[in-house]
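Notes follow once the structure below has been shown.
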Amino acid sequence: MFYVIGLGLGDAKDVTVKGLEIIKKCDRVYLESYTSVLTVQQEILEEFYERSLIAADRELVENNADEILPKKEDEDVAFLVVGDPFGATTHTDLVLRAKEKNIELVAVACNCIHTEKSFQFHTGSTLGSQIAFTRR
Numbered sequence: 001m002f003y004v005i006g007l008g009l010g011d012a013k014d015v016t017v018k019g020l021e022i023i024k025k026c027d028r029v030y031l032e033s034y035t036s037v038l039t040v041q042q043e044i045l046e047e048f049y050e051r052s053l054i055a056a057d058r059e060l061v062e063n064n065a066d067e068i069l070p071k072k073e074d075e076d077v078a079f080l081v082v083g084d085p086f087g088a089t090t091h092t093d094l095v096l097r098a099k100e101k102n103i104e105l106v107a108v109a110c111n112c113i114h115t116e117k118s119f120q121f122h123t124g125s126t127l128g129s130q131i132a133f134t135r136r
């Protein structure tokens with residue numbers, strides 16, 4: 001299973017309860033570290049989540065994305081992103097790669113309130129991504 005989890009915009013405690021439960025049970029957890037700036041250090045997240053995180057820089061996410069995806073059917077992998085799970089096209093690309101490999105996907109939204117000025121992209125693009133990947 002591949003999880004894309006939005007962490008919110010402020011600190012370690014902005015993750016949802018559902019997101020935290022998934023983070024704790026996954027075999028590998030990646031922290032995306034280049035499309036947005038998280039206002040909390042990775043070490044603080046690791047302490048709160050009670051587990052280590054793998055930093056996912058631009059090189060890994062854009063050029064070696066298949067390394068992130070689950071390798072076995074029974075492997076659970078989480079990909080943590082600042083803010084909304086589909087706030088960047090790179091995140092959508094990972095989801096498309098997972099779909100191509102028939103990897104089951106779950107997206108977990110964050111606890112964050114957006115204002116018109118805080119959106120990274122136009123609302124239509126973000127909503128379109130969320131609707132396209134909603135499980136039936």
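Using the UniProt record's numbering, count along the sequence shown one by one with no gaps and you end on 136. Heads up, the beta-carbon is just placed ideally off N, CA and C, and yes, glycines get one too. Fair warning: this is a prediction, and the values are worked out from it, not measured in the lab.
Cα-Cα separation between residue i and residue j, rounded to whole angstroms
i: T126; j: E50; result: Residue placement at T126 is flagged as unreliable, the pLDDT there being 42, under the threshold of 50; a coordinate-derived value is accordingly withheld.
i: A109; j: T35; result: 17 Å
i: A98; j: V37; result: 25 Å
i: A96; j: P85; result: Before going further, note that residue 96 is Leu rather than Ala in the sequence given. Cα-Cα distance, rounded: 13 Å.
i: Y44; j: I23; result: A quick correction: the sequence has Ile, not Tyr, at residue 44. Going from the Cα of I44 to the Cα of I23 covers about 14 Å.
Three-state secondary structure assigned by DSSP to residue i
i: V15; result: coil
i: F2; result: strand
i: L20; result: helix
Whole-Å CB distance - residue i paired with residue j, under 8 Å assumed
i: A107; j: V29; result: Contact flag wrong, Cβ pair sits at about 15 Å.
i: T39; j: G10; result: 6 Å
Note down, one range per segment and in chain order, each alpha helix (DSSP H) of at least 4 residues found wholly within the segment 33-107. Complete alpha helix (DSSP H) runs here, min 4: 42-49 and 89-100.
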